[in-house]
Each structure stands twice: as structure tokens, then as C-alpha cells.
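Numbering (the working numbering), first residue to last: 539 to 717.
A quick write-up on the structure given underneath.
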């Protein structure tokens with residue numbers, strides 16, 4: 539039932555029995571957020587906690603289905619100006635022609651950036667998205683979707699470096715004249 543979402547973890551491909559997901563499957567994940575390891579203090583606090591015997595079902599709810607549906611509806615109502623939509627499409631085109639990428643942004647990726655920008659704007663209390671919303675989400679929304687060209691991979695190029703280059707090369711839409 540709605541809302542339906544999946545949260546998954548990704549182990550390094552170097553681990554035994556771990557294989558890379560195909561690009562078509564990775565493209566269906568909205569974001570990849572790198573968490574890394576906890577800092578020393580947090581890890582010590584984990585060791586001090588009693589062992590949990592329950593599972594996910596024992597965790598207290600922080601919201602309910604109705605509230606989530608309301609938040610989704612609110613985010614879907616956030617205004618995205620035509621110029622900002624053009625910016626997203628220009629970012630997509632720039633990734634598709636970048637020499638370091640074998641696979642650039644898909645149309646699904648462009649939709650994911652817009653959707654995420656709307657959610658970010660709503661979370662910040664705005665009823666409109668701005669270029670900074672898109673820029674803030676480029677890495678978590680796109681990094682796992684793009685594939686480096688073999689020569690770029692061999693040269694040690696990282697997807698995040700290409701994304702930074704693309705963001706700096708694509709013109710940001712200006713606000714309204716006189717604003």
C-alpha cells in the first residue's frame with residue numbers, strides 16, 4: 539500500500555558474494571547517501587547500549603501514513619519554474635555528452651532531481667524550488683546512476699568530480715528581471 543519505499547544498504551563490491559546492480563536497477567533508487575562509519579564517540583555509545591532483542595517492529599513510529607501522504611502531496615505542489623526545469627534538462631544533456639561518462643543522466647534521473655528539489659524546498663519551508671536545491675542534491679541523486687568511461691575510470695576519475703565539473707559548467711538560471 540501507499541506510501542511504499544525501500545531503504546537498502548550497499549556493501550563494497552570487493553566483498554565476497556557482492557555484485558554490482560545493473561544500471562537499470564540503480565536508476566530506480568532515488569538517492570544514495572554515503573554514511574561511512576560512526577565517529578569514535580558514537581561507536582562507544584553503541585557498545586554501551588544493551589543488546590536489542592526486538593526487531594524493526596519494536597521501534598516506535600515517528601509519524602503515520604496520513605502524515606507521510608500529506609508531506610508527499612505538499613512536496614508535489616512545490617512550484618518548479620520553467621527556467622529551473624530547463625536547468626535540470628541542461629544538466630542532463632551535459633552529463634550525456636561529457637567525455638568522462640559512458641552513461642549520463644536518464645530521463646528518470648531528471649525526474650528524480652526535480653522530485654528531490656521539491657522535497658528539499660518543502661522541508662525548508664518554501665513553496666518553490668531554486669537552483670541551490672538542485673545543486674545540493676546532484677551528488678546523492680546522480681552519483682550512483684552515472685557510469686564512468688573506461689579511460690576516465692583507469693585515470694582515477696570519480697563520478698563526483700565529473701558532477702562538480704558539470705554543475706560548474708552549466709549556466710544557472712537567473713531570477714526574474716529586477717528581482
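Don't be surprised by glycine CBs; every beta carbon is placed ideally from N, CA and C.
Note that the coordinates shown come from a computational prediction; the quantities given were computed from them, not determined experimentally.
Hey, how far is the Cα of residue 629 from the Cα of residue 647? 11 Å
Integer Cβ distance of residue 594 from residue 667, believed to fall under 8 Å: Going by Cβ atoms, the distance from residue 594 to residue 667 rounds to 33 Å, so no, they are not a contact pair.
Given this structure, state the Cα-to-Cα distance separating residue 611 from residue 657, to the nearest angstrom. 10 Å
Please determine whether the Cβ atom of residue 587 lies at a distance below 8 Å from any heavy atom of the ligand FMN. Looking at this structure, you won't find the ligand FMN or any other ligand, since it has none at all.
Please specify which runs of the alpha helix (DSSP H), each continuous and at least 4 residues long, are wholly inside the region 653-702, giving them in chain order. 669-680, 688-692
Please report the distance separating the alpha-carbon of residue 649 from that of residue 569. 12 Å
Got a sec, what are the start and stop residues for the beta strand (DSSP E) residue 640 sits in? 639-641
Apply the 10 Å Cβ neighbour rule to residue 692 and answer buried if 16 or more other Cβ atoms are within range, or exposed otherwise. exposed
Could you check if residue 633 is buried or exposed, using at least 16 other CB atoms within 10 Å of its CB as the buried criterion? buried
According to the neighbour-count rule (16 or more other Cβ atoms, all chains shown, within 10 Å of its Cβ), is residue 557 buried or exposed? exposed
Restricting to Cα atoms, I'd like to know which of 638, 574, 603 is closest to residue 694. 638
Excluding sequence positions up to five away, which residues of its chain have a Cβ less than 7 Å from the Cβ of residue 704? 629, 632, 633, 636
Do residue 665 and residue 659 have their beta-carbon atoms positioned less than 9 Å apart in this structure? yes
What's the gap between the Cα of residue 708 and the Cα of residue 679? 17 Å
In this structure, how does DSSP classify residue 617 when only helix, strand and coil are distinguished? strand
Would you decide whether residue 689 is buried or exposed? Buried here means 16 or more other CB atoms lie within 10 Å of its CB. exposed
For residue 546, the nearest candidate out of 670, 566, 702, 642 (CA to CA): 566
Should residue 553 go down as buried or exposed, given a rule of 16 or more other Cβ atoms within 10 Å for buried? exposed
Once you ignore the five residues that flank residue 700 on each side, which residues in its own chain have a CB closer than 8 Å to its CB? 633, 636, 638, 639, 684, 686, 690
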